[in-house]
Amino acid sequence: DAKTTQPPSMDCAEGRAANLPCNHSTISGNEYVYWYRQIHSQGPQYIIHGLKNNETNEMASLIITEDRKSSTLILPHATLRDTAVYYCIVRGHGSSNTGKLIFGQGTTLQVKP
Amino acid sequence: EAQVTQNPRYLITVTGKKLTVTCSQNMNHEYMSWYRQDPGLGLRQIYYSMNVEVTDKGDVPEGYKVSRKEKRNFPLILESPSPNQTSLYFCASSLYPGIAYNEQFFGPGTRLTVL
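In the order they appear, the protein sequences are chains H and A. Residue numbering for the first sequence is 10 to 122, as defined by the numbering used here. Residue numbering for the second sequence is 70 to 184, as defined by the numbering used here.
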């Protein structure tokens, strides 16, 4: 699975959009980009995933560049409850996949009032 | 409600006293996994299971055992706990990871302290 690079921390004002970047320059064609978050020692929580098209769900939007070497997770109206560590994970699929998620250090997002 | 449950949530024990952390999921998932989380080291996979009676080592299996006798349960066993196993443990489950799109569901965590 490709390696990802994220900034260690970011701040965001409550009610504003939070844009969290991720670089995955070695991503291969069949690898998906997943985002999870972990709120203060709770279990990680799935947010969204994508392959090459932009995706949106009730939690967030995911923008993947055309060359797929980077992506941005967007929380459109951040709240204090969105304060968490956000992990960008790249994973392939197939019969050899062990299911392991490689979390890395993630980005600590601090939403401020 | 779809969920992964772990018990106990908190445990303080002493070196060498065998313990089991239970994990159960109600989503009929084939895949289950255990991670430990330590400051500065992130989450590391201990063991995983692709289905009933199929288990395999992750990155840090030493000192741990698992079993998968039923689809819904995946207990983590520490036969002789040591202080370096003091950690935050998470169980996770998902559909078979070989298929496309695979969200993993995580339990609430078990904080273990070994004195």
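Note that the Cβ used here is the ideal one computed from N, Cα and C, for glycine as well.
Please work out which residues of its chain come closer than 7 Å, Cβ to Cβ, to N28 of chain H, disregarding the five sequence neighbours upstream and downstream, and give them in chain order. T81 and I83
Can you list, in chain order, the stretches of the beta strand (DSSP E) that have 3 or more residues and sit fully within the stretch 80–115 of chain H? 93–100
Between which two residues does the beta strand (DSSP E) harbouring T182 of chain A extend? T179 to V183
DSSP has M73 of chain A in a bridge; who is on the other side? Contrary to the premise, residue 73 of chain A reads as Val rather than Met in this sequence. DSSP lists A:Q94 as partners of V73 of chain A.
Give me, in chain order, the residues of the same chain whose beta-carbon lies closer than 8 Å to that of N62 of chain H; leave out the 5 immediate sequence neighbours on both sides. I73
At least one CB of chain A closer than 8 Å to the CB of H49 of chain H: is that the case? no
Any Cβ of chain A within less than 8 Å of the Cβ of T107 of chain H? yes
Check Q119 of chain H in the structure and name its three-state DSSP category. strand
H102 of chain H versus H:Y96, H:L110 and H:Y95, residue with shortest Cα-Cα distance: H:L110
Have a look at A:S93, A:E139 and A:L145 and flag the residue whose alpha-carbon is nearest the alpha-carbon of Y116 of chain A. A:L145
Name, going along the chain, the residues of the stretch 162–177 of chain A whose beta-carbon falls closer than 9 Å to a beta-carbon of chain H. S163, Y165, P166, G167, I168, A169, Y170, N171, E172, Q173, F174, F175, G176 and P177
Any idea what DSSP makes of P152 of chain A, helix, strand or coil? helix
Strictly below 7 Å CB to CB, what residues from chain H border Q114 of chain A? K109
Within its chain, find whatever has a CB closer than 8 Å to the CB of Y41 of chain H; leave out the 5 residues flanking it on each side and keep chain order. H58, G59, L60, V99, R100, G101 and H102
Closer than 8 Å at the beta carbon, the chain H residues around S102 of chain A: G108 and K109
Entirely within the stretch 84–143 of chain A and at least 3 residues each: give me those beta strand (DSSP E) ranges in chain order. 88–94, 100–107, 111–120 and 123–126
Rounded separation between P85 of chain H and E64 of chain H - CA only: 13 Å
Amino acids of chain A, ordered along the chain, whose beta-carbon sits closer than 9 Å to that of Y55 of chain H: E172, Q173, F174 and F175
What is the DSSP secondary structure of M68 of chain H, counted as helix, strand or coil? coil
For A161 of chain A, which residues in the same chain have their Cβ closer than 6 Å to its Cβ, ignoring the five residues on either side in sequence? S102, Q173 and F175
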